[in-house]
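If you want my numbering, it's the 1-based position in the sequence shown plus 16.
Beta carbons: idealized from backbone N, C-alpha and C, even for Gly.
Here's the structure we're looking at; comments come further down.
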Amino acid sequence: MWQRLAPVLRKAGHEVLTPSLTGIGERAHLASPSVSLETHIADVLGAIRYERLSEIVLVGHSYGGMVVTGVADRMPHVVRTLVYLDAFVPQSGQALVDLLRPEVRAHFPKDAAAVAPLPPAVQGVKEAAEIAWFDGRRDPQPIRTFTQPLALEGRYGGGRAYVFCTGYSPTSFAPFAERARNSAAWRYHELPTHHYPHVSMPLETAGVLLNYS
């Protein structure tokens with residue numbers, strides 16, 4: 017998913033890691049009903065720890081907002097800025113399914129082992145070439161990543177930014193964007209595209225992220 021964006025940031029002189037989460041992408045062979053939100057938080061914590069990272073800009077897209085929120089709470093001293101890219105912003109005790117619009121929540125049956133990704137067209141992707149680009153790049157995701165509540169201790173006190181994609185509707189992310197836009201504690205940006213700005217607008221998305229470098 018970051019194939020178009022990461023090279024732009026690297027060309028600007030930054031180290032960029034895009035760790036795949038357990039059960040997804042090249043780690044799809046590890047998918048199982050036991051994989052949970054906490055598994056994915058541990059994946060990113062491990063990448064930070066073993067790469068000896070510090071002063072990082074931690075970016076979460078979509079569901080990734082759940083993950084980066086947990087990571088920043090557990091390892092706040094290494095995160096300089098937390099960026100939500102058209103992403104969920106959970107409170108302690110909330111699972112992703114708690115944050116969905118009712119018509120989308122029906123796509124997440126609790127008795128399923130995994131949940132297939134939403135069709136790109138539902139997320140605002142209209143061009144045939146872009147829809148084809150997504151083919152084979154998204155996998156079903158273990159259900160517990162969506163249903164496990166996130167436990168937070170409120171340890172992260174660093175910078176926060178929200179990037180809202182305004183090129184499609186309806187969207188589950190409007191409430192989070194609205195709160196960020198009206199809060200002095202957040203920096204707020206908009207991109208006129210669908211739910212995958214790092215695919216459709218990599219240069220513009222990189223430009224936003226470079227504000228925090």
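Run of the beta strand (DSSP E) containing Y204, from where it starts to where it stops | From DSSP, the beta strand (DSSP E) with Y204 extends over 202 to 207.
Going by DSSP, which residues form a beta bridge with P158?
-> In the DSSP secondary-structure assignment, P158 is bridged to A130.
Could one say the Cβ of A145 lies closer than 8 Å to chain D's Cβ atoms, at least one of them?
-> The structure shown contains no chain D; it is built from a single protein chain.
Would you report the Cα separation of P218 and G140, rounded to the nearest angstrom?
-> Computed Cα separation, rounded: 16 Å.
Residues sharing a beta bridge with G183, DSSP | According to DSSP, which records beta bridges pairwise, G183 is partnered with nothing at all.
beta-carbon R68 near the ligand HEM non-hydrogen atom, thresh 7 Å = In the structure shown, the ligand HEM is absent, as is every other ligand, since no ligand is present at all.
Would the beta-carbon of T161 fall within 8 Å of that of H45?
-> Contact flag unset, no.
Any idea if Y100 is buried or exposed, counting beta-carbon neighbours within 10 angstroms, 16 or more meaning buried?
-> In summary, Y100 is buried, with 16 or more beta-carbon neighbours lying within 10 Å of its beta-carbon over all protein chains present.
Since G76 is in the beta strand (DSSP E), which residue starts that stretch and which ends it?
-> Looking at the DSSP string, the run of the beta strand (DSSP E) that includes G76 is 72 to 77.
Counting pairs of beta carbons, one from the segment 164 to 178 and one from the segment 83 to 90, are three or more of them closer than 8 Å?
-> The segment 164 to 178 is in contact with the segment 83 to 90.
Could you tell me the distance, in whole angstroms, from the CA atom of Q164 to the CA atom of K142?
-> Looking at the two C-alpha atoms, the distance is approximately 32 Å.
What are the partner residues of V95, as DSSP defines its beta bridges?
-> Per DSSP, I72.
For T221, the first and last residue of its enclosing alpha helix (DSSP H) = Segment 218 to 225, the alpha helix (DSSP H) holding T221.
Could you tell me which residues DSSP pairs with Y178 in its beta bridges?
-> Y100, Y204.
If you run the structure through DSSP and keep just helix, strand and coil, what is Y172?
-> Correct three-state label for Y172: coil.
How about the segment 61 to 75 and the segment 149 to 159: do they share at least three Cβ pairs that are nearer than 8 Å?
-> They do not touch, by the three-pair rule.
With distances taken Cα to Cα, identify the nearest neighbour of V94 among Y79, V60, N227.
-> Considering only Y79, V60, N227, the residue with the shortest C-alpha distance to V94 is V60.
If we count the other Cβ atoms within 10 Å of its Cβ and call it buried at 16 or more, is D102 buried or exposed?
-> Buried is the call here.
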